[in-house]
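Numbering (our numbering), first residue to last: 1 to 131.
Ideal Cβ positions, reconstructed from N, Cα and C, are used throughout, including at glycine.
Take a look at the structure:
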(Lines of atoms letter the chains of each structure in order from A; the text may use other names.)
(Lines give C-alpha, C1' and ligand atoms only; values in the text may rest on other atoms or scores of the structure.)
Protein backbone atom coordinates (compact mmCIF):
# COMPACT_ATOMS: atom_id res chain seq x y z
CA UNK A 1 0.00 0.00 0.00
CA UNK A 2 1.11 3.52 -0.61
CA UNK A 3 1.30 5.05 2.87
CA UNK A 4 1.70 8.59 1.52
CA UNK A 5 -1.65 8.35 -0.26
CA UNK A 6 -3.33 6.85 2.81
CA UNK A 7 -1.87 9.47 5.17
CA UNK A 8 -2.82 12.33 2.85
CA UNK A 9 -6.33 10.87 2.53
CA UNK A 10 -6.66 10.66 6.33
CA UNK A 11 -5.45 14.22 6.85
CA UNK A 12 -7.56 15.71 4.07
CA UNK A 13 -10.55 13.67 5.26
CA UNK A 14 -10.19 15.22 8.70
CA UNK A 15 -9.81 18.72 7.26
CA UNK A 16 -12.88 18.17 5.08
CA UNK A 17 -14.92 17.33 8.19
CA UNK A 18 -13.56 20.39 9.99
CA UNK A 19 -14.26 22.60 6.93
CA UNK A 20 -17.81 21.30 6.65
CA UNK A 21 -18.45 21.78 10.35
CA UNK A 22 -17.07 25.31 10.24
CA UNK A 23 -19.38 26.04 7.35
CA UNK A 24 -22.42 24.67 9.13
CA UNK A 25 -21.75 26.29 12.49
CA UNK A 26 -19.75 29.46 11.86
CA UNK A 27 -19.35 30.58 8.28
CA UNK A 28 -22.81 30.14 6.77
CA UNK A 29 -24.18 33.26 8.44
CA UNK A 30 -21.15 35.37 7.47
CA UNK A 31 -20.62 34.40 3.83
CA UNK A 32 -22.34 35.83 0.78
CA UNK A 33 -24.32 33.23 -1.18
CA UNK A 34 -21.82 33.06 -4.04
CA UNK A 35 -18.90 32.48 -1.64
CA UNK A 36 -20.94 29.88 0.21
CA UNK A 37 -21.50 27.90 -3.00
CA UNK A 38 -17.80 28.02 -3.85
CA UNK A 39 -16.87 26.81 -0.34
CA UNK A 40 -19.45 23.99 -0.45
CA UNK A 41 -18.05 22.85 -3.80
CA UNK A 42 -14.55 22.71 -2.31
CA UNK A 43 -15.71 20.61 0.66
CA UNK A 44 -17.74 18.26 -1.55
CA UNK A 45 -14.91 17.59 -4.03
CA UNK A 46 -12.41 17.20 -1.22
CA UNK A 47 -14.57 14.47 0.32
CA UNK A 48 -15.07 12.70 -3.02
CA UNK A 49 -11.38 12.58 -3.69
CA UNK A 50 -10.40 11.52 -0.18
CA UNK A 51 -12.14 8.23 -1.02
CA UNK A 52 -10.47 8.09 -4.45
CA UNK A 53 -7.10 8.61 -2.79
CA UNK A 54 -7.84 5.89 -0.23
CA UNK A 55 -8.65 3.53 -3.09
CA UNK A 56 -5.44 4.46 -4.91
CA UNK A 57 -3.42 3.84 -1.75
CA UNK A 58 -5.00 0.47 -1.09
CA UNK A 59 -4.96 -0.69 -4.72
CA UNK A 60 -1.44 0.52 -5.51
CA UNK A 61 0.06 -2.76 -4.36
CA UNK A 62 -2.39 -5.06 -6.11
CA UNK A 63 -2.66 -3.33 -9.46
CA UNK A 64 -0.13 -1.90 -11.88
CA UNK A 65 1.88 0.23 -9.48
CA UNK A 66 3.13 3.03 -11.69
CA UNK A 67 -0.31 3.88 -13.09
CA UNK A 68 -1.95 3.67 -9.67
CA UNK A 69 0.82 5.83 -8.23
CA UNK A 70 0.21 8.41 -10.96
CA UNK A 71 -3.47 8.25 -10.10
CA UNK A 72 -2.90 8.96 -6.41
CA UNK A 73 -0.47 11.75 -7.19
CA UNK A 74 -3.03 13.38 -9.49
CA UNK A 75 -5.69 13.14 -6.77
CA UNK A 76 -3.35 14.89 -4.32
CA UNK A 77 -2.58 17.62 -6.85
CA UNK A 78 -6.30 17.95 -7.57
CA UNK A 79 -7.21 18.34 -3.90
CA UNK A 80 -4.50 20.92 -3.34
CA UNK A 81 -5.16 22.98 -6.47
CA UNK A 82 -8.92 22.59 -7.01
CA UNK A 83 -10.13 22.58 -3.43
CA UNK A 84 -7.37 24.80 -2.10
CA UNK A 85 -8.01 27.49 -4.70
CA UNK A 86 -11.76 27.36 -4.06
CA UNK A 87 -11.25 27.79 -0.29
CA UNK A 88 -9.04 30.82 -0.95
CA UNK A 89 -11.46 32.25 -3.53
CA UNK A 90 -14.43 31.90 -1.15
CA UNK A 91 -12.45 33.63 1.62
CA UNK A 92 -11.51 36.47 -0.72
CA UNK A 93 -15.12 36.83 -1.87
CA UNK A 94 -16.27 36.95 1.75
CA UNK A 95 -13.77 39.62 2.73
CA UNK A 96 -14.30 41.69 -0.41
CA UNK A 97 -10.81 41.16 -1.80
CA UNK A 98 -10.76 40.90 -5.57
CA UNK A 99 -9.76 37.46 -6.82
CA UNK A 100 -6.72 37.59 -9.11
CA UNK A 101 -7.12 35.80 -12.44
CA UNK A 102 -4.00 33.73 -11.74
CA UNK A 103 -5.74 32.15 -8.75
CA UNK A 104 -8.73 31.22 -10.90
CA UNK A 105 -6.42 29.26 -13.20
CA UNK A 106 -5.52 26.85 -10.41
CA UNK A 107 -9.08 25.54 -10.11
CA UNK A 108 -9.32 23.99 -13.60
CA UNK A 109 -5.76 22.68 -13.29
CA UNK A 110 -6.85 20.90 -10.12
CA UNK A 111 -9.91 19.61 -11.96
CA UNK A 112 -7.61 18.24 -14.64
CA UNK A 113 -5.68 16.50 -11.87
CA UNK A 114 -8.90 14.82 -10.74
CA UNK A 115 -9.76 13.74 -14.28
CA UNK A 116 -6.28 12.34 -14.89
CA UNK A 117 -6.39 10.57 -11.53
CA UNK A 118 -9.53 8.70 -12.57
CA UNK A 119 -8.14 7.93 -16.03
CA UNK A 120 -4.86 6.62 -14.59
CA UNK A 121 -6.77 4.50 -12.08
CA UNK A 122 -8.77 3.02 -14.95
CA UNK A 123 -5.57 2.19 -16.84
CA UNK A 124 -4.09 0.53 -13.75
CA UNK A 125 -7.23 -1.55 -13.26
CA UNK A 126 -7.38 -2.52 -16.94
CA UNK A 127 -3.76 -3.63 -16.93
CA UNK A 128 -4.43 -5.92 -13.99
CA UNK A 129 -2.01 -7.22 -11.43
CA UNK A 130 1.48 -5.78 -11.41
CA UNK A 131 3.26 -8.97 -10.46
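{"Query": "Cβ shell of residue 41 (< 8 Å), same chain only, five flanking positions each side left out", "Result": "86"}
{"Query": "CB of residue 6 within 8 Å of CB of residue 54, strictly", "Result": "yes"}
{"Query": "Residue 111: CB within 7 Å of a non-hydrogen atom of the ligand FMN", "Result": "The ligand FMN is not part of the structure shown, which contains no ligands of any sort."}
{"Query": "Expected contact under 8 Å - CB spacing of residue 43 and residue 66 to nearest Å", "Result": "The pair is not a contact, with the Cβ atoms about 31 Å apart (cut-off 8 Å)."}
{"Query": "Residue 33, enclosing alpha helix (DSSP H) - first and last residue", "Result": "33 to 59"}
{"Query": "Distance CB(residue 125)-CB(residue 63) smaller than 8 Å", "Result": "yes"}
{"Query": "Selection from 89, 13 and 94 that minimises the alpha carbon distance to residue 45", "Result": "13"}
{"Query": "Beta-carbon proximity of residue 75 to residue 110, cut-off 8 Å", "Result": "no"}
{"Query": "Own chain partners of residue 49 with C-beta closer than 7 Å, once the 5 adjacent residues on each side are dropped", "Result": "75, 78, 79 and 114"}
{"Query": "Cutoff 8 Å; reference residue 3; Cβ partners in own chain excluding five residues on either side", "Result": "57"}
{"Query": "Proximity winner among 123, 101, 26 and 47, relative to residue 9 (alpha-carbon distances)", "Result": "47"}
{"Query": "Where the alpha helix (DSSP H) containing residue 100 begins and where it ends", "Result": "No alpha helix (DSSP H) holds residue 100; DSSP gives it neither H nor E."}
{"Query": "Close beta carbons around residue 38, own chain, < 6 Å, minus the five adjacent residues each side", "Result": "86, 89 and 90"}
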